[in-house]
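The structure appears right after this line, and notes come after that.
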Amino acid sequence: MGRQPGRSVPEEQGSRSGPVRTCVGCGSKRPQAELTRFVIGAGGAIEVDRARRLPGRGAYLCGAGCLTAALKRKAFGRAFRGKAGQVDPSQLGQAWASVKES
Ligand SMILES: [Zn+2]
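If you're matching positions, the sequence shown starts at 1 in UniProt numbering and goes up one per residue.
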């Protein structure tokens with residue numbers, strides 16, 4: 001009694017700025033549009049999802065330092081629930097750099 005349906009949705013509904021996601025590196029919450037999305041591509045490798053439209057579970061990062069932090073914390077393994085193959089830091093670094101350059 002008195003519970004309002006659908007009122008406690010912390011992450012899926014950011015008000016005006018769209019959905020909010022948590023950076024797996026530093027743990028801060030930001031609008032999805034400010035984050036870089038990573039997904040598991042074919043073969044289990046982690047890839048950058050530039051358009052943020054690929055299906056499946058994603059992991060988000062907000063800054064270059066967060067990539068390092070996420071690797072240290074093995075945050076990708078957790079974010080993808082063990083579905084990621086071996087995480088290749090250099091490949092991820094390159095993917096990240098290619099995003100930042102464009
Ligand atoms: Zn971050």
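For glycine and all other residues, C-beta sits at the position ideal for the given N, C-alpha and C.
If you look at Val99, you'll find it in the alpha helix (DSSP H) that goes 89-101. Shown here, Lys83 sits in coil according to DSSP, grouped into three states, outside any helix or strand. Near ligand 1, meaning a Cβ closer than 6 Å to any of its heavy atoms, lie the following residues in chain order: Cys23, Gly25, Cys26, Ser28, Leu61, Cys62, Gly63, Cys66. Assignment of Arg73 by DSSP, reduced to helix, strand and coil, places it in the helix class. Pairing Ala84 with Val48 gives a Cβ-Cβ distance that is not under 8 Å.
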